[in-house]
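If you're matching positions, the sequence shown starts at 0 in numbering that gives the first Met the number 0 and goes up one per residue. Heads up, the thing below is written out as structure tokens.
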Amino acid sequence: MSILVTGAAGFIGSHTCEALLEGGERVVGLDNFDDFYAPEVKERHLAGAREHEGFTLVRGDIRDPGALDALPDHVEAVVHLAARAGVRPSIEHPELYADVNIMGTVRLLAWAKKRGVRRFVFASSSSVYGNNEKVPFSESDRVDHPISPYAATKKAGELVCHAASHLDGIATACLRFFTVYGPRQRPDLAVHKFARILRDGGAIPMFGDGTTSRDYTYIDDTVSGVIGALEWVSRHEGAYRIFNLGNHRTVALTEMIRTIGEEMGVEPRIEQLPMQPGDVARTYADIERARDELGYSPETAFRDGVRRFLQWFSQQPG
């Protein structure tokens, strides 16, 4: 099968490309190499994918109909991972987030309809749950109370995917990712950011009292869920379904900082700061639907994942 992966040079995208290629699929990777973080880092992310003959890289923006029209004709499925990411920056630039995350998805779905592509996997986010009081978070919970523009754009993306599935018969799986970490993690995300601060001898900014918690999910486990979702849309013509992809375990902020420090052999210094607007108190995924329907089974304990991340981190320039 030939699969279009948008956001191919990003953290999750580059790992997804490699997994698909190693499974014998052909991959067309689309990325605009924006400057949210260093484009040269994204270039390095694709080194593994570029070793495969079945990989084609297209430089372009999902918002650009011309770039989409220039994509190869043989695409049979889409894994849509491209997005403007980050809760806190979305508060400063809501228009940009709406343009990329909503209109970009609308244009990509229109392209899929025109090309006759009927299998679509959309990267959503646990942020759509907002400050959900019920735990663990289930796909059937209400998600009409986002607390950041980023979360709102991800819910909107799910809705436009639903419309396309209903009107155009595009089999669609929307995947709500829960705090993915591991090698190639974006430099602004906590595990990567805190490791860099500890390496450089700085103090870790801790927003709130340290009791906030996240369902940290290792990248290999997340990618296994993406592959499972591709298989699901291939089996369910015209269907639409939402799946949580988490680890079904929570890690408190203080525990996360302590674990990174222990694995690096450093005693963290903490700079305590107020909670940031848009941040949720906790995330915690109910993954029974993904287990039952995607064969999803996360296996990586948080400390083990941190060790693998730090092994990669120690080999990076700078």
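Glycine included, each C-beta is placed from N, C-alpha and C at the ideal position. Since the structure is predicted, the reported quantities are computational estimates derived from the model, not experimental observations.
query                                                                                                                                                                              : result
If I measure Cβ to Cβ from Gly12 and keep anything under 6 angstroms in the same chain, skipping five residues before and after, which residues do I get?                          : Val4, Gly6 and Leu80
Checking 8 angstroms against the spacing of the C-beta atoms, do Val250 and Phe301 come in under that value?                                                                       : yes
Looking at Ile241 and Val190, is the spacing between their C-beta atoms short of 8 angstroms?                                                                                      : no
Among residues of its own chain, excluding the 5 on either side of Asp167, which ones have a beta-carbon nearer than 7 angstroms to its beta-carbon?                               : Lys112
In the DSSP assignment, what are the bridge partners of Glu230?                                                                                                                    : None, per the DSSP bridge assignment.
Tell me the rounded alpha-carbon separation between Gln315 and Cys16.                                                                                                              : 21 angstroms
Assign His79 to one of three DSSP states: helix, strand, or coil.                                                                                                                  : strand
Within 10 angstroms of the Cβ of Gln184, are there 16 or more other Cβ atoms? Answer buried if so, exposed if not.                                                                 : buried
Does any CB atom of chain D fall closer than 8 angstroms to the CB of Ala8?                                                                                                        : Considering every chain present, this structure includes no chain D. It has just one protein chain.
Could you check the C-alpha separation between Ala202 and Arg213 for me, to the nearest Å?                                                                                         : 21 angstroms
State the DSSP-derived secondary structure class of Asn100, mapped to helix, strand or coil.                                                                                       : helix
Taking all protein chains shown into account, do 16 or more other C-beta atoms lie within 10 angstroms of the C-beta of Thr178, making it buried, or fewer, making it exposed?     : buried
Excluding the 5 residues preceding and the 5 following Pro273 in the sequence, name in chain order all residues of the same chain whose CB lies nearer than 8 angstroms to its CB. : Phe206 and Gly207
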